[in-house]
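Working notes for the structure below.
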Amino acid sequence: MTDYVKFLRETSPYINTHRGKTFVLALSGEAIAHANFTNIVHDIALLHSLGIKLILVHGARQQIDERLKNCAITAQFDQNTRITDSATMACVKDAVGSTRINIEAQLSTGAANSPMHGARIQVVGGNLITAKPLGVREGIDFHHTGEVRRIDQKSLHRQLEDGAIVLLSPIGYSPTGEAFNLNYEDIATQAAVSMGAEKLIMFSASEGISDNAGNLLKMISLNEVPRCLDELVSNLALQHALMACYQACENGVARGHIISYADNGALLTELFSRDGRGTLVLKNGKEIMRQATIDDVGGLLELLEPLEEDGVLVKRSRELLETEIYRFSVMLHAEGMLVGCAALYPFNGDNAAELACVVTHPDFLNQGFASRLLEHIEFQAAQQGIKQLFVLTVQAGHWFKEKGFVDATLDDLPEERQPLYNLQRNSQIYCKNL
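Numbering (the numbering used here), first residue to last: 413 to 846.
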């Protein structure tokens, strides 16, 4: 089997999941000026061809600064917000208009030797953003700098349903006929929220959010964002991207993503692979997922014992649970209650592991907790180099099949696990390649 065929098969579940969803993509002026922008446009065209509804939001700070410099006008900022007087506004209009034309031109590419051959993408925009002046803040008059009052949701929805890509520029209009210079991150956030978008994707100079050791954080929950924002005081652009994701997810958007505009293929890798290429911000951040500690043993016993008594799970003593506590991941409700767990048992030398004890508290069923626990365990397994997961179950076979597991036999289990199989329980065996 060729790598090409394998790639198509592996991406099929993601294609099916994303089809028909609305994504908002936010690109700064720096992203548009970067040499990789042409590749990003090709990837955007591919997303469109897969049936994903796209709203593009662009900034133009770099282009505005260049025009101000050419006109010998000093750029003025207060609280990292541009003060847009009349002379500056003329440069803003010129820069934004030119940047928009550049984006539309690239999205219109259709030459025979182009990846976009035959795409025939329709790009629409217009006076879709109603703005209001920022006014005077702490004694500073921001003149023609504004903020979003509302977005024309009905028009956006109609254009997306007609198969167009909507392109929003950082200029809004007031009922009095004035134009205002807007923050593109704010537009992206409000567009994602008002349209009920599945994702807000922020392109950044960085590949995502990193920890203090410089390691990329593949996934962060909403309750972790304030700490990350405090640590990004020296990187305002990345801080603003993370804040946009945070505000969007707080107001109903399912997921936020931060990826690099300089990394060729980052958009496709983030959307169509398990490991991704940036940082994922999860909407469901009120529940905390972490590795279990010895203090969790009591809560785990309360969670597991009813299912053990019903024969759904193999009984574990407190002593065994204390010994194996490092195998478990737990999910805690915002108030500290343990509402779910799952365990990972790697096998020696087989690049395989057993998934066990995927349990959700009865009061929290049908809220997606088990799916999130499974995603967490699969991510952990992949980080450890595990290529295959096994699960033994007596009642949840169909649920695991829905999550990508397939039927397996006793002979498929790693050799060290086969002698431990309980013939009396007659558990069904399933496996999943990661």
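A virtual CB, placed ideally from N, CA and C, is assigned to each residue, including glycine.
Alpha helix (DSSP H) runs contained entirely in the segment 710-738, provided each spans 4 or more residues: 730-735
Keeping to the same chain, check which residues put their C-beta closer than 7 Å to that of Gln779; ignore five residues upstream and five downstream. As a working mapping, residue 779 is identified with position 367 in the sequence shown. Excluding sequence neighbours, Gln779 sits near nothing in its chain.
Going by C-alpha to C-alpha distance, which of Met701, Ala443, Ala794, Leu835 sits closest to Thr805? As a first step, residue 805 is located in the sequence shown; it is residue number 393 there, counting from the start. The candidate whose alpha carbon is nearest that of Thr805 is Leu835.
Touching by the beta-carbon criterion (3+ pairs, under 8 Å), the segment 416-433 and the segment 637-652: no
Completely contained alpha helix (DSSP H) runs for the segment 509-594, where each covers 4 or more residues: 565-573
Buried or exposed for Ile513, going by 16 or more other Cβ atoms inside 10 Å? Residue 513 sits at position 101 when you count from the first residue of the sequence shown. It is exposed - the Cβ of Ile513 has fewer than 16 other Cβ atoms within 10 Å.
Cα-Cα separation between Asn492 and Thr486, rounded to whole angstroms: Sequence index remark: in the sequence shown, residue 492 carries index 80 (1-based). Sequence index remark: in the sequence shown, residue 486 carries index 74 (1-based). Cα to Cα, the separation comes out at about 15 Å.
Which runs of the alpha helix (DSSP H), 4 residues or longer, sit entirely within the segment 598-678? 637-642, 648-662
For His669, count neighbouring C-beta atoms within 10 Å of its own C-beta (all shown protein chains included) and say buried if the count is 16 or more, exposed if not. The sequence position of residue 669 within the sequence shown is 257, counting from 1. Buried, because 16 or more other Cβ atoms sit within 10 Å of the Cβ of His669.
Write down the C-beta distance between Gly677 and Lys630 rounded to the nearest angstrom, noting that I regard them as a contact closer than 8 Å. Position 265 of the sequence shown, counted from the start, is the residue given in the question as residue 677. Position 218 of the sequence shown, counted from the start, is the residue given in the question as residue 630. Contact flag wrong, Cβ pair sits at about 17 Å.
Contact between the segment 447-458 and the segment 470-480 is defined here as three or more beta-carbon pairs at a separation below 8 Å; is this criterion met? Contact between the segment 447-458 and the segment 470-480 is absent: fewer than 3 CB-CB pairs across the two stretches fall below 8 Å.
Return the CA-CA distance between Leu679 and Asp455, expressed in angstroms with no decimal places. One-based indexing of the sequence shown puts residue 679 at position 267. One-based indexing of the sequence shown puts residue 455 at position 43. CA-CA distance, Leu679 to Asp455, rounds to 7 Å.
Counting beta carbon pairs with one atom in the segment 743-762 and one in the segment 592-603, are three or more of them shorter than 8 Å? As far as the Cβ criterion goes, the segment 592-603 does not touch the segment 743-762, which means the pair count is below three.
Can you tell me which residues form a DSSP beta bridge with Val693? As a position in the sequence shown, residue 693 is number 281, starting the count at 1. Answer is Ile632, Gly668, bridged to Val693.
Which residues bound the alpha helix (DSSP H) around Ala754? Position 342 of the sequence shown holds residue 754. That residue, Ala754, is in no alpha helix (DSSP H); its beta strand (DSSP E) goes 750-758.
Reducing DSSP to helix, strand and coil, say where Lys815 ends up. Taking the sequence shown and counting its residues from 1, the one referred to as residue 815 is at position 403. It is coil, neither helix nor strand.
Only counting the same chain, and skipping five residues up and downstream in sequence, which positions put a Cβ closer than 8 Å to that of Ser783? Start at 1 with the first residue of the sequence shown, and residue 783 comes out as number 371. Cβ neighbours of Ser783 beyond the five flanking positions: Lys815.
Roughly how far, in whole angstroms, is the beta-carbon of Glu662 from the beta-carbon of Leu634, given that I think they are within contact range, below 8 Å? The residue labelled residue 662 in the question sits at position 250 within the sequence shown. The residue labelled residue 634 in the question sits at position 222 within the sequence shown. Yes, they are in contact, since the Cβ atoms of Glu662 and Leu634 sit about 7 Å apart, within 8 Å.
Given this structure, state the Cα-to-Cα distance separating Gly471 from Val508, to the nearest angstrom. In the sequence shown, the residue the question calls residue 471 occupies position 59. In the sequence shown, the residue the question calls residue 508 occupies position 96. Cα-Cα distance, rounded: 8 Å.
Selected residue, minimal CA-CA separation from Leu546, among Glu734, Gln571, Gly537, Asp490: Taking the first residue of the sequence shown as position 1, residue 546 is located at position 134. The residue among Glu734, Gln571, Gly537, Asp490 with its C-alpha nearest the C-alpha of Leu546 is Asp490.
Checking the sheet assignment: what are the DSSP bridge partners for Cys868? Nothing can be reported for residue 868, as the shown portion of the chain is limited to 413 through 846.
The alpha helix (DSSP H) spanning Gln792 covers which residue range? In the sequence shown, counting from the first residue as 1, residue 792 sits at position 380. 781-795 is the span of the alpha helix (DSSP H), which, as asked, contains Gln792.
Verify whether the separation of the beta carbon atoms of Ile541 and Leu594 is less than 8 Å. Here the question's residue 541 lines up with position 129 in the sequence shown. Here the question's residue 594 lines up with position 182 in the sequence shown. Yes, Cβ-Cβ distance for Ile541 and Leu594 is below 8 Å.
From the DSSP output, which residues share a beta bridge with His470? Sequence index remark: in the sequence shown, residue 470 carries index 58 (1-based). According to DSSP, His470 bridges with Leu439.
Do you know offhand how far Pro638's Cα is from Cys657's? As a first step, residue 638 must be located in the sequence shown, where it is residue number 226. As a first step, residue 657 must be located in the sequence shown, where it is residue number 245. Pro638 and Cys657: Cα-Cα distance of roughly 12 Å.
Under 8 Å by Cβ, that's how I've got Leu785 and Met749 pegged, so tell me the actual separation to the nearest angstrom. On the sequence shown, residue 785 is found 373 positions in, with the first residue counted as 1. On the sequence shown, residue 749 is found 337 positions in, with the first residue counted as 1. Their Cβ separation, rounded to whole angstroms, is 15 Å, which puts Leu785 and Met749 out of contact at 8 Å.
In whole angstroms, what separates the C-alpha of Val469 from that of Ala617? Counting from one through the sequence shown, the residue named residue 469 turns up at place 57. Counting from one through the sequence shown, the residue named residue 617 turns up at place 205. When rounded, the distance between both Cα atoms is 16 Å.
Please determine if the segment 570-588 and the segment 618-625 are in contact, where contact requires at least 3 C-beta pairs separated by less than 8 Å. Result no; under three Cβ-Cβ pairs closer than 8 Å.
When we look at the beta-carbon of Gln475 and count the other beta-carbons within 10 Å, is it buried (16 or more) or exposed? Taking the sequence shown and counting its residues from 1, one reaches residue 475 at position 63. Under this definition Gln475 is a buried residue.
Residue from Ile700, Glu619, Gly463, Ala704 whose Cα sits closest to the Cα of Gly769: Numbered from its first residue, the sequence shown carries residue 769 at position 357. According to the sequence provided, residue 769 is Cys. The question's Gly does not apply to it. Comparing Cα-Cα distances from Cys769 to each of Ile700, Glu619, Gly463, Ala704, the minimum goes to Ala704.
For the beta strand (DSSP E) containing Ser741, name the first residue and the last one. Start at 1 with the first residue of the sequence shown, and residue 741 comes out as number 329. Element bounds for Ser741: 740-744.
The alpha helix (DSSP H) enclosing Glu422, as first and last residue numbers: Position 10 of the sequence shown, counting from 1, holds the residue named residue 422. Where Glu422 is concerned, the enclosing alpha helix (DSSP H) stretches over 415-430.
Can you look up Leu767 in the DSSP assignment and give me helix, strand or coil? Your numbering for residue 767 matches position 355 in the sequence shown. Strand at Leu767.
Would you tell me roughly how many angstroms separate the C-alpha atoms of Val548 and Leu801, rounded to the nearest one? By 1-based counting over the sequence shown, the position of residue 548 is 136. By 1-based counting over the sequence shown, the position of residue 801 is 389. Rounded to whole angstroms, Val548 to Leu801 spans 59 Å at the Cα level.
Limits of the alpha helix (DSSP H) - the one that Ile452 falls within: As a position in the sequence shown, residue 452 is number 40, starting the count at 1. Its alpha helix (DSSP H) spans residues 449-461.
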